[in-house]
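Here the sequence shown is numbered in our numbering, starting from 1354 and rising by one per residue. C-beta atoms are modelled at their ideal positions from N, C-alpha and C, and glycine is treated no differently. Structure first, then comments.
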Amino acid sequence: MTCRQWVSGTCLLCRRSDQLVIFIGPVEVGGLSAPAFACGDCCEWCRWVVRSYHQQWDARPAM
C-alpha cells in the first residue's frame, strides 16, 4: 500500500483553494470521471458520515 500525499489544491467539497488536500477517489458523472481531492476538515466530515451510516445500519432491527 502506498502512502497518499497531501498536496496544495482545491477541495472538491468545500471549494476552498490553496488548501492541503488529499486524493479521495474519482468522481463519475455522465460516464466521465475526474480525480477528487478533499481538505482535512472535509475528510473528517466524510469519516463522520460513513461512521454514522454504519452505526445506523448496524442498529437496524433483525428480520
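Check: Enumerated in chain order, which unbroken segments of the beta strand (DSSP E) with a length of 3 residues or greater are wholly contained in the region 1356-1397?
Finding: 1360-1362, 1372-1382, 1385-1392
Item checked: At least 3 beta-carbon pairs within less than 8 Å: the region 1356-1363 vs the region 1371-1381 -> Yes, they touch.
Notebook entry, point to check: In whole angstroms, what separates the C-alpha of TRP1401 from that of GLY1378?
Noted result: 17 Å
Notebook entry, point to check: With distances taken from CA atoms, which of TRP1410, ALA1391, GLN1358 is nearest ARG1369?
Noted result: ALA1391
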